[in-house]
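A.B. asks: Would you mind keeping the following structure in view while I ask a few things?
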Amino acid sequence: MKILLLFFIRCYWFFMPRNRRRKCLFKTSCSHYVYEQTKKKDLQAGLRALYFRIKNCNSQYQIIEVGGEKILITKTNKIFREKELSEYILKK
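Add 1 to a position in the sequence shown, counting from 1, and you land on the number used in our numbering.
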């Protein structure tokens, strides 16, 4: 099953042009994060990573500045520091 998830992610990368993909909030895109977790660990870790990103990588977030650093707060109240965020989201 691990191989199947990795295969689907690779198909997504191959068939979905970069300019048609949704912009990710995080420095490591959601598909790359799930792929890395699945490959390094196992299917269960990959599915947990997928669930986490689906819950937290959406348009309902706030960016605040604290002590000169931008911080993102998701709708589930998870907090991410500037170093974890994509350049795309920091430019907004």
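Beta carbons are placed, not taken as given, at the ideal position from N, Cα and C, and that holds for glycine.
The model shown is predicted, which means the values in this text are computed figures rather than measured ones.
Do I90 and I80 have their beta-carbon atoms positioned less than 8 Å apart in this structure?
C.D. replies: Not closer than 8 Å, so no.
A.B. asks: Which residue or residues does DSSP assign as beta-bridge partners of E70?
C.D. replies: V67
A.B. asks: For T77, does the three-state DSSP call read helix, strand or coil?
C.D. replies: coil
A.B. asks: Give the DSSP-derived three-state secondary structure of L26 in the structure shown.
C.D. replies: In this structure, DSSP gives L26 a state outside helix and strand, which the three-state scheme calls coil.
A.B. asks: Does the stretch 50-66 come close enough to the stretch 33-40 that 3 or more CB-CB pairs lie under 8 Å?
C.D. replies: Judged by Cβ distances under 8 Å, the stretch 33-40 makes contact with the stretch 50-66, as three or more pairs qualify.
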